[in-house]
Every structure is written in structure tokens, then in C-alpha cells.
Amino acid sequence: MAKKQVMFTFPRELVEQPIIYHLSHKFQVVTNIRRADVSEDRGWVVLELEGDEREIEAGIAWVKEKGVRVDPVIGDIVEG
Amino acid sequence: MSYATGLRCRKCGQEYKLQPLRVCDFCLSALEVIYDYRAMFKVVNHEIISRGPRSIWRYRQLLPIDGEPLDIGTGFTPLFKADNLGEELGLHRLYIKNDCLNPTYSFKDRAVAVAVNKAKEFGFDTVACASTGNLAASVAAYAAKAKMRAYVFVPANVEAGKLTSVAIYKPNLVTVDGSYDDVNRLCAELSQKYNWGFININLRAYYAEGSKTLGYEICEQLDWQPPDCIVAPAGSGLMFTRIWKGLQELSMLGLIGPVNTHMYLAQAAGSSPIVHAFETGTLHVHPVTPKTIVSSIAIGNPADGYYALMVARQSGGGAVSVSDEEALQGLELLAQTEGIFAEPAGGVVIASLRKLVARGIVNKDQVTVALITGAGPRTQEVVSYTIRTLKVRPSVESFQEAISLPV
Numbered sequence: 001m002a003k004k005q006v007m008f009t010f011p012r013e014l015v016e017q018p019i020i021y022h023l024s025h026k027f028q029v030v031t032n033i034r035r036a037d038v039s040e041d042r043g044w045v046v047l048e049l050e051g052d053e054r055e056i057e058a059g060i061a062w063v064k065e066k067g068v069r070v071d072p073v074i075g076d077i078v079e080g
Numbered sequence: 001m002s003y004a005t006g007l008r009c010r011k012c013g014q015e016y017k018l019q020p021l022r023v024c025d026f027c028l029s030a031l032e033v034i035y036d037y038r039a040m041f042k043v044v045n046h047e048i049i050s051r052g053p054r055s056i057w058r059y060r061q062l063l064p065i066d067g068e069p070l071d072i073g074t075g076f077t078p079l080f081k082a083d084n085l086g087e088e089l090g091l092h093r094l095y096i097k098n099d100c101l102n103p104t105y106s107f108k109d110r111a112v113a114v115a116v117n118k119a120k121e122f123g124f125d126t127v128a129c130a131s132t133g134n135l136a137a138s139v140a141a142y143a144a145k146a147k148m149r150a151y152v153f154v155p156a157n158v159e160a161g162k163l164t165s166v167a168i169y170k171p172n173l174v175t176v177d178g179s180y181d182d183v184n185r186l187c188a189e190l191s192q193k194y195n196w197g198f199i200n201i202n203l204r205a206y207y208a209e210g211s212k213t214l215g216y217e218i219c220e221q222l223d224w225q226p227p228d229c230i231v232a233p234a235g236s237g238l239m240f241t242r243i244w245k246g247l248q249e250l251s252m253l254g255l256i257g258p259v260n261t262h263m264y265l266a267q268a269a270g271s272s273p274i275v276h277a278f279e280t281g282t283l284h285v286h287p288v289t290p291k292t293i294v295s296s297i298a299i300g301n302p303a304d305g306y307y308a309l310m311v312a313r314q315s316g317g318g319a320v321s322v323s324d325e326e327a328l329q330g331l332e333l334l335a336q337t338e339g340i341f342a343e344p345a346g347g348v349v350i351a352s353l354r355k356l357v358a359r360g361i362v363n364k365d366q367v368t369v370a371l372i373t374g375a376g377p378r379t380q381e382v383v384s385y386t387i388r389t390l391k392v393r394p395s396v397e398s399f400q401e402a403i404s405l406p407v
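Written out as C-alpha cells, the structure is:
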């Protein structure tokens with residue numbers, strides 16, 4: 001089992017979509033929300049994903065395909 | 001022995017013992033080093049500091065390092081009154097803090113100095129980072145001095161010229177065939193698989209502390225007076241927050257008076273998520289995809305963006321962005337008035353300061369410090385357009401003709 005800590009950033013058109021619910025139903029991934037801030041026009045969620053590494057990757061790819069931005073929870077690592 | 005007592009989550013306050021740690025286990029937020037300031041207060045004074053080495057280690061009691069620090073001569077860079085540039089910008093009391101004059105030519109040496117020393121204390125034999133320039137060179141240089149293995153990850157499309165200033169120190173230079181985001185993701189994963197000291201990941205809390213020394217030095221070099229304004233570039237926002245922390249600590253320790261410094265943050269318009277949050281009044285720094293030539297601060301998802309935003313607001317300062325063109329104009333102005341060839345982030349600072357003056361936000365009599373955080377040669381191709389030569393034949397007549405001046 002692998003764990004991955006990520007931040008999802010939702011654009012306005014996806015704020016009302018139950019994406020995290022679908023993520024945990026379509027894929028064998030446990031979603032564990034740690035922090036979040038969602039308003040009517042945008043939102044972000046910091047969460048831990050737990051499951052088989054391939055399931056997590058497939059789940060993240062699906063979330064991205066939906067239009068959600070996915071970042072490492074520690075922010076950008078590549079510095080100038 | 002240092003006066004550092006542990007790590008604390010900046011969001012939920014959870015405390016941890018001093019150790020390599022990426023984020024808070026509970027809320028996955030950033031961590032910071034905490035100190036026993038009461039004990040520190042009893043030993044730190046102006047005299048002790050002034051007797052110290054002319055490097056960041058003159059402030060070693062305020063840093064989280066236990067043993068004798070390994071040093072390649074980082075810090076205590078010049079702060080000087082920039083009258084020529086001040087005249088151009090309409091400022092009577094403008095100072096430049098020239099951090100180009102660090103061992104690997106950027107302020108990153110301050111942060112890396114602390115992180116690599118801490119890595120050694122924690123018993124790591126390998127340090128690693130992902131970078132397109134300044135950080136990579138600094139980590140490679142410090143690892144060489146510390147006799148540690150270094151892994152430096154760079155996107156495969158980085159210009160060869162930039163790699164030279166890293167390769168000379170002979171780290172394991174890994175070019176990643178992928179986008180900027182791919183390198184981010186890969187390194188985040190590697191940091192969980194390998195027991196290495198990742199400079200800005202599991203050592204980030206210590207790495208951050210090195211940048212406080214910028215705040216210390218600015219005050220000490222102004223005869224222990226905090227300036228009225230500081231203008232600094234921001235990529236991840238980490239340095240900006242730590243300059244502020246440095247000022248707060250000096251005040252708390254009685255080394256300077258109350259801090260009324262206005263902190264102004266400067267970004268390139270093509271990568272300005274913090275400025276955007278400041279201008280729109282939101283609390284969340286919304287990630288962007290960077291599109292700017294100012295590569296040293298082109299960070300779309302700044303780890304310390306929120307905290308940098310808070311510092312700009314709480315200090316009564318602000319956040320300004322400038323176009324790449326304005327940044328290059330600023331870069332030229334700095335070189336042509338003060339003789340300093342900075343990297344484009346320096347141009348962002350000068351151009352932002354020009355805007356702040358034009359808007360009446362920074363006024364001519366305020367003691368203002370502009371922070372120049374990295375030297376130009378590593379990215380000199382961005383100003384190759386400045387080359388204009390007088391072409392002459394090898395004769396006096398030809399030269400006189402070319403300069404159109406009578407003898």
C-alpha cells in the first residue's frame with residue numbers, strides 16, 4: 001500500500017462536482033482530507049490518498065482529466 | 001549547542017522534536033524551527049555578534065546548528081547606499097543589499113549552508129535538490145566541501161550554460177526527461193523513498209532559517225536599525241517570510257527597536273500568484289503555470305505563498321509584479337547606475353521599486369533596501385541584446401571615425 005499527499009485545486013466550473021467522492025468509488029483509493037477551503041468560485045483540498053500505487057496514479061490521472069490541478073502538497077520543489 | 005528546541009507546524013501548531021521532516025503529520029502543512037528565546041536573550045548581544053566571523057556564522061546562536069559549522073564564506077555581503085540608482089528612482093535613502101557576492105553567487109548559499117550543516121548533523125551521507133540554477137549550484141558546492149554525495153535533479157531542457165556552474169562541483173547531475181511538473185512530482189516521490197537530505201523538502205524547515213540572516217545583516221549594517229522598506233523578490237516566498245522573521249527575532253532579543261518595516265514583495269508578471277492573491281484580497285495563493293524569463297523565481301505553486309502574503313499584509317507593505325520587459329529595463333538600470341550585474345530577479349526588484357515610487361507608496365525619504373539576490377552571469381543570455389560594439393579597422397583614423405570625436 002502506498003500513500004500520497006497532494007493538493008487538488010478546483011476551477012470554478014468544478015467546485016460543485018463531487019470529484020473526491022467519485023475518485024474513491026471509481027478507484028481503490030482511500031481519500032483522507034486534512035485541510036480545505038472551498039468558496040463559490042474556487043477551492044482547494046489538501047488530502048492523503050492511500051491504496052495501491054497504480055490505483056493512486058490512475059485516480060490522479062482521472063482527476064486531472066476532469067480539469068482539477070494536482071500538485072505535491074509541499075508546493076513546487078524545483079527552485080531556480 | 002543551538003537554542004533550537006523543536007519543529008512546529010505553522011498551521012495547526014503541532015510540535016515535533018528536531019528531525020528531518022517534510023510536513024506536519026496531521027494537517028500536512030509546513031514546519032518551522034522554534035527556539036528557546038529566553039535562553040538566547042541571555043547570551044546574544046551586539047558585541048558578541050560584531051566579534052564573530054564576517055559570514056552568516058556571526059549569528060550562529062540564532063541558527064539551529066549544534067557543532068562547528070562548515071563554511072565556504074557565505075553571507076555578510078555588502079549593503080551600500082545606492083545614490084546613482086536612488087537619483088534615477090527619486091529616492092534619497094536607497095540601499096542595495098548585494099547578495100550576488102556569495103560563494104555561488106546567490107542568496108541560496110545562506111539557506112543551503114544551514115541545511116547542509118544540519119544534514120551532516122542528522123547523519124545523512126547524501127543531499128539532494130531539484131533546481132534549474134542557483135539552488136543546484138549551491139547544494140553541489142556545499143556537498144563538495146562537506147564531502148557528501150549530492151544528487152541534483154534538473155529538467156532535461158535546461159540550458160547547458162546553467163549546468164556548467166553546477167557540474168564543476170561534480171554532483172550526480174540527473175536530467176529528467178519531462179516537464180517542470182514531472183520533475184516536481186518525481187522529486188516529491190523520491191524524497192519519500194530515499195533516506196537522503198532533500199534540501200528543500202525534508203530539510204526545508206532548516207533551509208528556511210538560513211535566509212533569516214538577510215534580515216539580521218541588513219539591520220546590523222544599518223547600525224542596528226530596521227529600514228523603513230524592504231523590497232525583495234519572491235518565488236516560493238520562503239526567503240521573504242524569513243527576512244521578516246529575522247527582523248522580529250532581533251527586536252524580540254532587544255538587538256533592534258520595534259519593527260516598522262514595510263515589506264514589499266516583487267514577482268514577474270508571468271509567475272505572480274502571490275501578487276495576484278494580494279491584489280484580489282484572497283487568502284489562498286492560487287497556483288499558476290509560470291511563463292517568464294525570470295527563471296530563478298518562476299514558481300507557480302509557491303510553498304510559502306500564503307505566509308509571504310501575510311507578511312506583505314501584516315507589515316503594511318505590498319506586492320508588485322512587473323513584465324519581463326520592465327524587469328530587463330530594471331536589470332540594465334542597476335548595472336548602468338551601480339555597476340551590479342544581477343540575474344533577472346534583481347531587475348524585477350528594481351522595476352517593482354520604480355512602480356512603488358511612482359504610485360507614491362515608497363517615498364523619497366524612507367530608508368529603503370532593495371535586495372539583489374543573485375548574480376547575472378548564470379543567465380547572461382537574457383541580456384545578450386545589450387551587446388553593441390563599435391566596429392573599427394586597426395587604425396587610429398578608423399577609430400576616430402567610429403566614435404565621431406575629434407582628437
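These protein sequence lines map, in sequence, to chains A and B.
For the first sequence, position 73 matches number 73 in our numbering, and the numbering has no gaps at all.
For the second sequence, position 274 matches number 274 in our numbering, and the numbering has no gaps at all.
Built from N, CA and C at the ideal position, the CB exists for glycine as well.
When DSSP builds the beta bridges, which residues end up paired with residue i?
i	result
TRP44/A	THR9/A and ASP37/A
GLY263/B	It is worth fixing the name first, because residue 263/B is Met in this sequence and not Gly. According to DSSP, which records beta bridges pairwise, MET263/B is partnered with ILE230/B.
TYR35/B	ALA4/B
ILE372/B	ASN98/B
TRP29/A	With the sequence shown as reference, residue 29/A is identified as Val, and Trp is not the correct amino acid for it. DSSP output for VAL29/A lists GLY51/A as bridge partner(s).
ASP71/A	MET7/A
THR126/B	ARG149/B
GLY80/A	Its beta-bridge partners do not exist; DSSP assigns none.
LYS81/B	TYR95/B
THR175/B	VAL154/B
TYR16/B	LEU7/B
VAL322/B	ALA268/B
SER106/B	GLY374/B
SER131/B	GLU79/A
ALA2/A	GLY51/A
Take the Cβ of residue i as the centre, count every other Cβ of all protein chains shown within 10 Å, and call the residue buried at 16 or more, exposed below.
i	result
VAL68/A	buried
ARG51/B	exposed
TYR216/B	buried
GLN267/B	buried
ASN102/B	buried
CYS229/B	buried
LEU420/B	The requested residue 420/B does not occur in the structure, where chain B is confined to residues 1 to 407.
TYR385/B	exposed
GLY330/B	buried
GLU13/A	exposed
LYS291/B	exposed
GLU220/B	buried
PHE198/B	buried
GLU249/B	buried
LYS11/B	buried
Between the alpha carbons of residue i and residue j, how many angstroms are there, rounded?
i	j	result
TYR35/B	GLN14/B	15 angstroms
GLY161/B	ARG378/B	7 angstroms
THR261/B	SER2/B	28 angstroms
LEU371/B	GLU65/A	41 angstroms
GLY90/B	VAL45/A	45 angstroms
GLY360/B	ARG354/B	10 angstroms
VAL127/B	VAL73/A	21 angstroms
LEU253/B	ARG110/B	21 angstroms
LEU173/B	GLY317/B	40 angstroms
GLY235/B	SER315/B	19 angstroms
PHE8/A	ARG22/B	19 angstroms
LYS108/B	ALA143/B	14 angstroms
ALA402/B	LEU333/B	26 angstroms
What does residue i touch in chain C if you count any residue whose Cβ is under 8 angstroms from its own?
i	result
ASP37/A	This model lacks chain C altogether; the protein chains it does include are A and B.
Do the stretch 131-148 of chain B and the stretch 80-88 of chain B make contact, defined as three or more Cβ pairs closer than 8 angstroms? no
Could you please tell me which residues of the stretch 298-316 of chain B, in chain order, have their CB closer than 7 angstroms to any CB of chain A? ALA298, ILE299, GLY300, ASN301, PRO302 and ALA303
For the 8 angstroms Cβ check, are there 3 or more pairs between the stretch 64-75 of chain B and the stretch 340-347 of chain B? no
Proximal residues, the stretch 156-170 of chain B versus chain A, C-beta separation under 7 angstroms: none
Measuring CB atoms only, is the stretch 24-38 of chain B touching the stretch 27-45 of chain A, in the sense that at least three cross pairs come out at less than 8 angstroms? yes
Residues in the stretch 7-21 of chain A with C-beta within 7 angstroms of chain B's C-beta atoms, listed in sequence order? THR9
Count the CB pairs spanning the stretch 155-172 of chain B and the stretch 190-203 of chain B that are closer than 8 angstroms, and state whether there are at least three. no
Under 9 angstroms (Cβ pairs) to chain B, residues found in the stretch 42-55 of chain A: ARG42, GLY43, TRP44, VAL46, LEU47 and GLU48
Cβ-based contacts, 8 angstroms cut-off: residues of the stretch 16-27 of chain B near chain A: ARG22, VAL23, PHE26 and CYS27
The stretch 179-188 of chain B touching the stretch 94-103 of chain B, judged by at least three CB pairs closer than 8 angstroms: no
May I ask you to verify whether the stretch 361-370 of chain B touches the stretch 379-389 of chain B, counting CB pairs closer than 8 angstroms and requiring at least 3? no
Would the stretch 227-241 of chain B and the stretch 307-320 of chain B be scored as touching if the rule is three or more Cβ pairs under 8 angstroms? yes
Under 8 angstroms, with one C-beta from each stretch per pair, do the stretch 266-285 of chain B and the stretch 202-212 of chain B reach the 3-pair mark? no
Relative to chain A, which residues along the stretch 370-394 of chain B have a C-beta separation below 7 angstroms, given in chain order? none
I'd like to know if the stretch 341-357 of chain B and the stretch 290-301 of chain B are in contact, where contact means that at least 3 CB-CB pairs between them fall below 8 angstroms. yes
Touching by the beta-carbon criterion (3+ pairs, under 8 angstroms), the stretch 389-396 of chain B and the stretch 111-129 of chain B: no
Taking 8 angstroms as the threshold, find out whether the stretch 124-144 of chain B comes into contact with the stretch 103-114 of chain B through three or more Cβ pairs. yes
Of all the residues that make up the stretch 170-193 of chain B, which are near chain A by a beta-carbon distance shorter than 7 angstroms? TYR180, VAL183, ASN184, ARG185, CYS187 and ALA188
Of the residues that make up the stretch 119-134 of chain B, which ones have a beta carbon closer than 8 angstroms to any beta carbon in chain A? CYS129, ALA130, SER131, THR132, GLY133 and ASN134
To be precise: take each residue of the stretch 221-236 of chain B, compare its Cβ to all Cβ atoms of chain A, and keep it if any distance is under 7 angstroms. Which residues remain? GLY235 and SER236
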